[in-house]
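This is the structure in structure tokens:
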């Protein structure tokens, strides 16, 4: 039976560390604060927002919510971003995406100050990830993958890691972050020839393709560590599931993240960590 790499212990450990860091900032007159910018009432946005608010309360972060109607204008949205940028009491900003198709999402992302971009929506933050420089922050989900591997004591230096997925949200940034930790990374995707064979070669397999069944029994090997980043709704089973066929893979591998209860449960803790770090940077 594989070890279950549950996210809750990771999130709790991060939270415990952040409480002390927030207290130290408060002593210096800084109250780390997150701005949440939401357009419309998408169910997934509201769910993540509730989680972020709970985590912020546990850590001691301030939160300011900027909620716009789904039919707001581009000018309305840009005015909110300008307000966030100009407010020195706001240290990090989470803007939910995708935005309604009536809005220019690229322009909105580009307008945000990279120093306050705690979820890697700006080109400045992406540059920081790809150049391994402290400009902005990596995506919270990509960072959550690293946090889980670190928490459970998995060495990355010299380890062969295969990442399935090439999005700018997960696949590409987590590949760069793993390389920055001296892992040897193979990037694959759903059109990779003989994908299962490529996956089975890895010591650590990170699956972030966004498709149910991307990795099954043929994709894994004994001793592997599997990080399932996918979150999908399985209509047939009537439940959330990952990209990995858990029931097939779990009896074979050494360790695996569950879905739900794995990577996703760490993301709000990482979000809080990025806000605290952003606040600390203002004092540097």
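In the numbering used here, the protein residues as written are 74 to 357.
Where a beta carbon is used, it is the ideal one built from N, C-alpha and C, also for glycine.
Query, Result
"Opening and closing residue of the beta strand (DSSP E) in which residue 297 lies", "Taken as a continuous stretch (DSSP letters only), residue 297 belongs to no beta strand (DSSP E), as it is neither H nor E."
"Neighbourhood of residue 185 by C-beta distance below 8 Å, restricted to the same chain and skipping five residues each side", "154, 157, 158, 166, 168, 194 and 195"
"Nearest-angstrom beta carbon gap, residue 207 and residue 250 [assumed within contact, 8 Å]", "Between residue 207 and residue 250 the Cβ distance is about 13 Å, and since that is not below 8 Å, they are no contact."
"Whether residue 338 touches residue 86 by CB criterion (9 Å)", "no"
"Contact under 9 Å by Cβ, residue 95 with residue 133", "yes"
"Exposed unless 16 or more other CB atoms sit within 10 angstroms - verdict on residue 244", "buried"
"Cβ neighbour criterion (16 or more within 10 Å) applied to residue 198", "buried"
"Separation of residue 324 from residue 173, as counted between CA atoms", "42 Å"
"Three or more C-beta pairs below 8 Å linking the stretch 267 to 281 and the stretch 224 to 241", "yes"
"Residue 189 burial status per 10 Å Cβ neighbour count (16 or more: buried)", "buried"
"Exposure label - residue 77; buried when at least 16 CB within 10 Å", "exposed"
"Distance CB(residue 285)-CB(residue 307) smaller than 9 Å", "yes"
"Alpha carbon of residue 161 to alpha carbon of residue 91, nearest angstrom", "21 Å"
"Beta carbon of residue 303 nearer than 9 Å to that of residue 281", "yes"
"Helix, strand or coil at residue 74 [DSSP, three-state]", "coil"
"Residue 288 burial status per 10 Å Cβ neighbour count (16 or more: buried)", "buried"
"Per-residue burial, residue 356 [other beta carbons within 10 Å of its own, 16 or more giving buried]", "exposed"
"Length at least 4, wholly inside the stretch 226 to 314: the alpha helix (DSSP H) runs in chain order", "244 to 253 and 268 to 273"
"Pairwise C-alpha distance: residue 267 and residue 39", "Coverage of the chain is limited to positions 74 through 357, which leaves residue 39 absent and any answer about it impossible."
"Secondary structure of residue 193, DSSP reduced to three states", "coil"
"Given residue 326 as reference, the closest of 218, 295 and 175 once Cα atoms are compared", "295"
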